[in-house]
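> In order, the protein sequence lines correspond to chains Y and A. Residues 1 to 826 in full-length UniProt numbering are what the first sequence lists, from first letter to last. Residues 1 to 341 in full-length UniProt numbering are what the second sequence lists, from first letter to last. Backbone N, C-alpha and C fix where the C-beta goes; we use that ideal spot for every residue, glycine too. Mind looking over this structure? Questions follow.
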Amino acid sequence: MKRYIYINDDETSQDLYCANRLSNRKYTLMNFLPKNLWEQFSRFMNQYFLLIACLQLWSLITPVNPASTWGPLIFIFAVSATKEAWDDYNRYLSDKKANEKEVWVVKQGIKKLIQSQDIRVGNIVWLRENDEVPCDLVLIGTSDPQGVCYVETAALDGETDLKTRLIPAACMGMDFELLHKIKGVIECPGPDKDIRRFDGNLRLLPPFIDNDVCPLTIKNTILQSCYLRNTEWACGVAVYTGNETKLGMTRGIPEPKLTAVDAMIDKLTGAIFVFQIVVVIVLGTAGNVWKDTEARKQWYVLYPQEFPWYELLVIPLRFELLCSIMIPISIKVSLDLVKSLYAKFIDWDYEMIDPETDTPSHATNTAISEDLAQVEYILTDKTGTLTENRMIFRRCCIGGIFYGNETGDALKDVGLLNAITSGSPDVIRFLTVMAVCNTVIPAKSKAGAILYKAQSQDEEALVHAAAQLHMVLVNKNASILEIKFNGSVLQYEILETLEFTSDRKRMSVVVKDCHSGNISLLSKGADEAILPYAHAGQQTRTFVEAVEQYSQLGLRTLCLAWREVEEDEYQEWSLMFKEASSTLIDREWRIAEVCQRLEHDLKVLGVTAIEDRLQDGVPETIETLRKAGINFWMLTGDKQNTAIQIALSCNFISPEPKGQLLSIDGKTEDEVCRSLERVLLTMRITTSEPKDVAFVVDGWALEIALKHYRKAFTELAILSRTAICCRVTPSQKAQLVELLKSCDYRTLAIGDGGNDVRMIQKADIGVGISGREGLQAARAADYSIGKFRFLKRLILVHGRYSYNRTAFLSQYSFYKSLLICFIQIL
Amino acid sequence: MPGSDSTAHKSKSRRPKYSQFSQQELPAFKLILTPGYVISTFIVVGLIFVPIGLISLFASETVVEIVDRYDNECIPKDFRDNRVEFIKNKQTNKSCTRTFTVPKQMKSPIFIYYQLENFYQNHRRYVKSRSDKQLQSKKNAAHIRECKPMGETDNKDPIIPCGLIAWSLFNDTYGFSVKGKDLKVNKRDIAWGSDKNYKFGADVFPKNFQVGDVGGKSLNSSIPLSEQEDLIVWMRTAALSTFRKLYGKIEDDLQANDVITVVIENNYNTYDFKGTKSLVLSTTSWIGGKNDFLGVTFITIGGICLFLAITFILLYVIKPRPLGDPSYLSWNRNSTPTPGR
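Have a look at this one:
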């Protein structure tokens, strides 16, 4: 469903879309009672208690005062209703605050201050620095002459760095006056919840400039709940409003996770119910028989001669009422109560506070603490989870020469420093690519030092390293990029950025040297995404070796490459690129295809190696948890060698004599099948031996294995205590979690980045590391911790305590109820 | 920590406040059941319980109790096959005389009980059929809703006291004599003080009672309920189907081998439901009436404890095992121990 938005047109769009009225409320004043009661009564336990309470109103059969059931029932209902009402009232207050916030909006060509809830789709909204964005806007103007503005998206995705947002090309250079009168149409898809995508088109109506279609991407939008920073003002057209914004669509109540204990309690309740029915039938029948034979003779009871038709039911129903307390009415409330206390204990724990950032751990999901103690499989991400995700540039290989191999630090390598001072062209190129080919934003601090704001830790490491090697990225002003090299300032104009995606595994920029006017393509990416596209004459053997060598050391590698682009070629390609970027369907795929057309015949410059240190206490944590009988799987997007190295260094797998590493590989179905069967065979043999056997599988083989040999792979998954899956995509991670879950294992997924979110959500328990790769994972997770080593305490201390306590409480509840009940029956 | 001042200052809000509770560091103690503890606990319990049991049993033995079941014997021979008719017939002579000898000297006060068996005073229909409000005060005379099916007469007049319990009041009477001399039976102060003072009103007089369908004893309508102690005793319903209720007290000592003659007015109908009736004379001691159960229970429990203690000591001596040895855990027991573990 597409929407067409007429900019600044007060008549047409008035009622087509909802107003910008936020509403997170579940209830209104009128429907609170019925809706809340309905919700509570949709639970089986509550229905049961209601039935009992109703039966008790029949005074003929009630053995006890009806207040004994109605009292607790009403109390429990009142408690949960009050909690709901309180939460809803708070939501109402925060909605109201947001809705009544005043914003500047253009109406009939005049800027007016109106309440945020009156914004309509198509209105032009003006924002000043540090304003919160009231709805999803397409930027059309900023104070910056280059059309850039900075936003903080922390409320949206949890990432604290500033993001740049651009105004679309068509609106470039408009002034105040013009922006008030601007007319146009924005074509965009219907509301969705993808905060990383916006595929739209903008077409300005005459008399404005041209009537060219101008593509819009997420880069041209500022989304609700972001903050405008470092920009004096900005204005944009409202495209999604109210609950239809990207943020509004992402909101939603996640499905509640059920713990093993909960399931057990449900089962027990069912069993007790059956038992109760049996007791009722047996005792009820006995009672009726006794009454008919014996009780009639008891003259002092004065039984009437005739009975109503329901007489036979009276005694069984009385027994039913007596037995009703067999099922403890309070267990749900008490469990909720203690569970929230467990969560608090996790929040409070001093030993789980990250000493570096002073971030305490946090339990977002308060209901599943006891499941922590039941975890059988831990699926962990590597980067940022096991490692610190603090990237440091360590080694490099430029044009076949290895730097940093002796000292372990290329920045101090004399050979490299000499090469720079002597101005070796390859080395200079290499450094230029390091400094230019990225999305890092330099920002000057008050003291005058340059701070780099980057979304990717690798890029930051590269830029830092380049700066230390005298190639300093000084300024990035819209498309002009300034680099200081040995005192002289070089300027580049960035013509296009071919962005990094997890499928392409590389990124490139097309830049124009402002001095000479030469256009060149600078690329960096994973080895298999760069080396195959090297130009025909180049020998890539040394680079392959370098990559091999570095990844054996557990370093992360990137290949850098470049080539010159002719003006004509660029112009031609640029048109295609523009067209691809303005398609609405399959844009990502189209862009990738077009990028491919430029990224060929590359001259490979060299390989960088970045070190990512292991976090403190990782090997000990893994060892302890493994002793507790928990199996570990490592799922990483990294290369096989790097993954294995890291796995070795953190006790994940044991070195040769003690451990054995089997690998599943192959490019075709047959190969994968054969290697899978071989591994499975070895596994079966070695299960009886005290040997740590692990298997390695890469993304490609995994794909085939999951698709065609699911059964064999499942068996393998059950047999092996350790597995390493490298080069896996986020969805594969989630698939693996599903696989283990389908074998009835309790899984815990731990990760830190956006690529782990799906796996975290899928797993029984998701743990997020509130690390450096943003807070995405931590937000999606049930628990967020500061460091991997806290997992030990989380599982072994909090999980165990919670499990013991819940078990005690529920056993006690049932025991107590049964005991009271038996006393009553007797 | 120099240098951390600024961060510590900033972080104050994020770091939760310390308390032993929040860190789960509250001092706790959990007794580990080591053989020493277990054995000594059993010994101590056994050593305390056995003497208590012996003392109770001894006290119970000093109580002299005479039980005489008379429901069968008090039916004339002609009516033995037709008891119900006999008891229901108003014309028959219900008096009967029973004699028994006192086995040991009985010191006053000697309590007289009647004991019923197979009489369900705890029947739901029965136990609910009373109006405490009506019993308490004159103004609540019309409070008969709870008394069904014995709330009002056929003329819709409220019965005082209403209900099945009062209606079925026990109506056998006993007259005692020793060596031709009548023994005085004191029927005062046989009910609870609280019942007399609070639950049964001094201004409530029986009215319309036992009119029409007669159940049990009739009451003198000029005496207030608070003085009708037989009724008060009867209305404290028994929890079990075999129960004793206090009939009166004899305040003279009885000597051993005294022959007591009791003249019983056998009025109460227990023949319908195969109930029994007994007359009980009993003295008391500090543990109450004759009751061996308490003593036997104490001795049994104490004996079991001592037995267990001895067994555990023997086990501990013959086949000791180290405390907290993980190889006894279920998951370690099955698998063969691997070297190096």
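1. Say whether chain A places a C-beta atom closer than 8 Å to the C-beta of residue 313 of chain Y.
2. With DSSP as the reference, identify every bridge partner of residue 379 of chain Y, one or two as the case may be.
3. Whose Cβ in chain Y lies nearer than 8 Å to the Cβ of residue 143 of chain A?
4. Pick out whichever of Y:512, Y:245, Y:219 has its Cα sitting closest to the Cα of residue 571 of chain Y.
5. Looking only at its own chain, which residues have a Cβ that is under 7 Å from the Cβ of residue 372 of chain Y, when we skip the five neighbours before and after it?
6. Could you give the residue range of the alpha helix (DSSP H) that holds residue 264 of chain Y?
7. Please report the distance separating the alpha-carbon of residue 250 of chain A from that of residue 32 of chain A.
8. Could you check where the alpha helix (DSSP H) with residue 543 of chain Y kicks off and where it finishes?
9. Just checking: is the beta-carbon of residue 292 of chain Y within a distance shorter than 8 Å of some beta-carbon in chain A?
10. Would you identify the three-state DSSP class for residue 742 of chain Y, choosing helix, strand or coil?
11. I'd like the span of the alpha helix (DSSP H) that includes residue 646 of chain Y, first residue to last.
12. Spell out the partners DSSP gives residue 165 of chain Y in its beta bridges.
13. From the DSSP output, in three-state form, read off residue 434 of chain Y for me.
14. When the Cβ atoms of the stretch 166-183 of chain A are set against those of the stretch 211-231 of chain A, are three or more pairs found closer than 8 Å?
15. Just checking: is the beta-carbon of residue 174 of chain A within a distance shorter than 8 Å of some beta-carbon in chain Y?
16. I think residue 550 of chain Y touches residue 395 of chain Y, with their Cβ atoms under 8 Å apart; what is that distance to the nearest whole Å?
17. From A:183, A:182, A:161, pick the residue whose C-alpha is nearest to that of residue 201 of chain A; which is it?
18. Could you check what DSSP says for residue 9 of chain Y in three-state terms: helix, strand or coil?
19. Per DSSP, which one or two residues make a beta bridge with residue 477 of chain Y?
20. In the structure shown, what three-state DSSP assignment does residue 330 of chain A receive?
21. Curious, which full-length beta strand (DSSP E) runs of at least 3 residues does the stretch 14-69 of chain A contain?
22. Assign residue 573 of chain Y to one of three DSSP states: helix, strand, or coil.
23. Just reading off the beta strand (DSSP E) that residue 391 of chain Y is part of, what are its end residues?
24. Nearest chain Y C-beta to residue 151 of chain A closer than 8 Å, yes or no?
25. Quick one: what's residue 150 of chain A bridged to in DSSP?
26. Could you tell me whether the Cβ atoms of residue 357 of chain Y and residue 788 of chain Y are closer together than 8 Å?
27. Based on Cα-Cα distance, which residue from Y:818, Y:816, Y:753, Y:748 lies nearest to residue 259 of chain Y?
28. Using the Cα positions of residue 27 of chain Y and residue 220 of chain Y, report the straight-line distance between them to the nearest angstrom.
29. Less than 8 Å between the CB atoms is what I'm expecting for residue 498 of chain Y and residue 562 of chain Y, so what's the real figure, rounded?
30. When DSSP builds the beta bridges, which residues end up paired with residue 362 of chain Y?
31. Quick check on residue 106 of chain A: does DSSP put it in helix, strand or coil?
32. Where does residue 227 of chain Y fall in DSSP's three states?
33. With a threshold of 8 Å between beta carbons, is residue 358 of chain Y in contact with chain A?
34. Consult DSSP for residue 68 of chain Y and reduce its assignment to one of helix, strand or coil.
35. Can you look up residue 346 of chain Y in the DSSP assignment and give me helix, strand or coil?
36. Less than 8 Å between the C-beta atoms of residue 279 of chain A and residue 106 of chain A, yes or no?
So, to answer that:
1. Along the first sequence, read from residue 1 onward, the residue named residue 313 of chain Y stands at position 313. So, not an interface residue.
2. Counting from one through the first sequence, the residue named residue 379 of chain Y turns up at place 379. In the DSSP output, where bridge partners are listed per residue, residue 379 of chain Y has Y:633, Y:749.
3. Here residue 143 of chain A corresponds to residue number 143 of the second sequence, with the count starting at 1. The contacting residues do not exist; residue 143 of chain A stays about 16 Å from chain Y at best.
4. Along the first sequence, read from residue 1 onward, the residue named residue 571 of chain Y stands at position 571. Looking at the Cα atoms, Y:512 is the closest of the given residues.
5. Residue 372 of chain Y sits at position 372 when you count from the first residue of the first sequence. Hits under 7 Å: 765, 794, 795, 798, 799, 802.
6. As a position in the first sequence, residue 264 of chain Y is number 264, starting the count at 1. Boundaries of the alpha helix (DSSP H) around residue 264 of chain Y: 260-293.
7. Indexing the second sequence from 1 puts residue 250 of chain A at position 250. Indexing the second sequence from 1 puts residue 32 of chain A at position 32. Whole-angstrom Cα-Cα distance: 57 Å.
8. Mapped onto the first sequence, residue 543 of chain Y falls at position 543. Start and end: 541-552.
9. Here residue 292 of chain Y refers to the residue found at position 292 of the first sequence. No - not a single Cβ of chain A is within 8 Å of the one on residue 292 of chain Y.
10. The residue given as residue 742 of chain Y occupies position 742 in the first sequence. DSSP places residue 742 of chain Y in helix when its eight states are reduced to three.
11. Position 646 of the first sequence, counted from the first residue, corresponds to residue 646 of chain Y. Counting along the chain, the alpha helix (DSSP H) containing residue 646 of chain Y begins and ends at 640-649.
12. In the first sequence, the residue the question calls residue 165 of chain Y occupies position 165. Y:149, per the DSSP bridge assignment.
13. In the first sequence, counting from the first residue as 1, residue 434 of chain Y sits at position 434. Of the three classes helix, strand and coil, the one that applies to residue 434 of chain Y here is helix, per DSSP.
14. These segments touch.
15. The residue given as residue 174 of chain A occupies position 174 in the second sequence. No, no contact with chain Y.
16. Translated into the one-based positions of the first sequence, residue 550 of chain Y becomes position 550. Translated into the one-based positions of the first sequence, residue 395 of chain Y becomes position 395. Indeed, because the Cβ distance is near 6 Å, the residues count as touching under 8 Å.
17. Within the second sequence, numbered from 1, the residue matching residue 201 of chain A stands at position 201. It is A:161.
18. Against the first sequence, residue 9 of chain Y aligns to sequence position 9. The answer is coil: DSSP assigns residue 9 of chain Y none of H, G, I, E or B.
19. Numbered from its first residue, the first sequence carries residue 477 of chain Y at position 477. Answer is Y:480, bridged to residue 477 of chain Y.
20. As a position in the second sequence, residue 330 of chain A is number 330, starting the count at 1. Three-state DSSP puts residue 330 of chain A in a helix.
21. 65-69
22. As a position in the first sequence, residue 573 of chain Y is number 573, starting the count at 1. DSSP places residue 573 of chain Y in the helix class (H, G or I) of the three-state scheme.
23. Residue 391 of chain Y sits at position 391 when you count from the first residue of the first sequence. Segment 387-398, the beta strand (DSSP E) holding residue 391 of chain Y.
24. Here residue 151 of chain A refers to the residue found at position 151 of the second sequence. With 8 Å as the cut-off, residue 151 of chain A does not count as an interface residue toward chain Y.
25. Stepping through the second sequence from its first residue, residue 150 of chain A is reached at position 150. None, per the DSSP bridge assignment.
26. Taking the first residue of the first sequence as position 1, residue 357 of chain Y is located at position 357. Taking the first residue of the first sequence as position 1, residue 788 of chain Y is located at position 788. Not a contact, by the Cβ cut-off of 8 Å.
27. Here residue 259 of chain Y refers to the residue found at position 259 of the first sequence. Nearest of Y:818, Y:816, Y:753, Y:748 to residue 259 of chain Y, Cα basis: Y:748.
28. Translated into the one-based positions of the first sequence, residue 27 of chain Y becomes position 27. Translated into the one-based positions of the first sequence, residue 220 of chain Y becomes position 220. Answer to the nearest angstrom: the Cα atoms are 36 Å apart.
29. Start at 1 with the first residue of the first sequence, and residue 498 of chain Y comes out as number 498. Start at 1 with the first residue of the first sequence, and residue 562 of chain Y comes out as number 562. About 13 Å separates the two Cβ atoms, so there is no contact after all.
30. Position 362 of the first sequence, counting from 1, holds the residue named residue 362 of chain Y. According to DSSP, residue 362 of chain Y bridges with Y:784.
31. Residue 106 of chain A sits at position 106 when you count from the first residue of the second sequence. Correct three-state label for residue 106 of chain A: strand.
32. What you label residue 227 of chain Y is simply residue 227 of the first sequence in a count that begins at 1. If DSSP states are grouped into helix, strand and coil, residue 227 of chain Y belongs with the strands.
33. One-based indexing of the first sequence puts residue 358 of chain Y at position 358. Judged by the 8 Å Cβ criterion, residue 358 of chain Y is in contact with chain A.
34. Mapped onto the first sequence, residue 68 of chain Y falls at position 68. Residue 68 of chain Y: helix per DSSP, three-state reduction.
35. The residue labelled residue 346 of chain Y in the question sits at position 346 within the first sequence. Note: residue 346 of chain Y maps to helix in three-state DSSP.
36. Here residue 279 of chain A corresponds to residue number 279 of the second sequence, with the count starting at 1. Here residue 106 of chain A corresponds to residue number 106 of the second sequence, with the count starting at 1. The answer is no: Cβ separation not under 8 Å.
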